[in-house]
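Just so we're aligned, residue 125 is where the sequence shown starts under the working numbering, counting upward by one. Ideal Cβ positions, reconstructed from N, Cα and C, are used throughout, including at glycine. Note that the structure is predicted; figures quoted are calculated from it, not measured. Before any comments, here is the structure.
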Amino acid sequence: MTSPPPKVDPHALLELFRRYLRDHNLPITQQREAVAEAVFFADGHVSVGDIERSLRQRGLRIGKATVYRTLTLLTTAGLVQEHDFGEGFKRYEPLASQSHHEHLICLSCGKVVEFSSERLERMKALIAEEHGFRHHHHRLEIYGFCRECQTRDAVTLRPETL
């Protein structure tokens, strides 16, 4: 059975980020906290553009360099994972305490769906064993067309998407 991974409490992640900054003698600034909140409280995988829009909606003006530096800190702290889904930009998602999961990515609208599968987890060990590997970690990204885009566009496949 597949299911979405459990959500992580954004307040707990924010506190972990503050602790990371203190432990590394880095200042806890309003700008860093605002960027972290934009990622932790977002629904789904966010881009730098999404983060900037979220900050502007809150009336905050934070420079792009500060956003990128904060994302680097969050990634280094192990609180955020960076993804490249082939869109020409990176996306970020909160990570701490989250169970391992995979991604389905729509080639039409860019929608990202997270899922976990016990069957897939069992299969990865069998596949590694069949090929003489000891499994360390894996990442699975399945590219295709979401139900909404299939219905809306009757999905005209372009050669570059095949």
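Practice prompt. Look at the alpha carbon of R177 and the alpha carbon of R185, and state the distance between them as a whole number of angstroms.
Written response: Along the sequence shown, one-based indexing puts residue 177 at 53. Along the sequence shown, one-based indexing puts residue 185 at 61. The straight-line gap from Cα to Cα measures roughly 10 Å.
Worksheet item: Do H227 and E265 have their C-beta atoms closer together than 8 Å?
Response: Within the sequence shown, numbered from 1, the residue matching residue 227 stands at position 103. Within the sequence shown, numbered from 1, the residue matching residue 265 stands at position 141. Result yes, Cβ atoms of H227 and E265 sit closer than 8 Å.
Fill in: Residue from A189, G168, T194 and K188 whose Cα sits closest to the Cα of R142
For this step, residue 142 is matched to residue 18 along the sequence shown. Selected option, being the one with the closest Cα: T194.
Worksheet item: Are the segment 208-215 and the segment 147-158 in contact at 8 Å, needing three or more beta carbon pairs?
Response: no
Worksheet item: Which of the three DSSP states, helix, strand or coil, is assigned to I175?
Response: Locating residue 175 in the sequence shown gives position 51, counting from the first residue. In this structure, I175 counts as helix in the three-state DSSP scheme.
Discussion item. Looking at S240: is its Cβ nearer than 8 Å to the Cβ of F269?
Written reply: In the sequence shown, residue 240 corresponds to position 116, counting from 1. In the sequence shown, residue 269 corresponds to position 145, counting from 1. No, these two residues do not count as a Cβ contact at 8 Å.
Worksheet item: So what does DSSP say about F233, is it helix, strand or coil?
Response: To locate residue 233, count along the sequence shown from 1; it is residue 109. Checking the displayed sequence, the identity of residue 233 turns out to be Cys instead of Phe. The answer is coil: DSSP assigns C233 none of H, G, I, E or B.
Worksheet item: Which residue spans inside the segment 144-225 form an unbroken alpha helix (DSSP H) run of at least 4?
Response: 154-164, 172-181 and 188-200
Item to complete: Identify whether L137 lies in helix, strand or coil by the three-state DSSP scheme.
Response: Here the question's residue 137 lines up with position 13 in the sequence shown. In the structure shown, L137 adopts helical secondary structure according to DSSP, grouped into three states.
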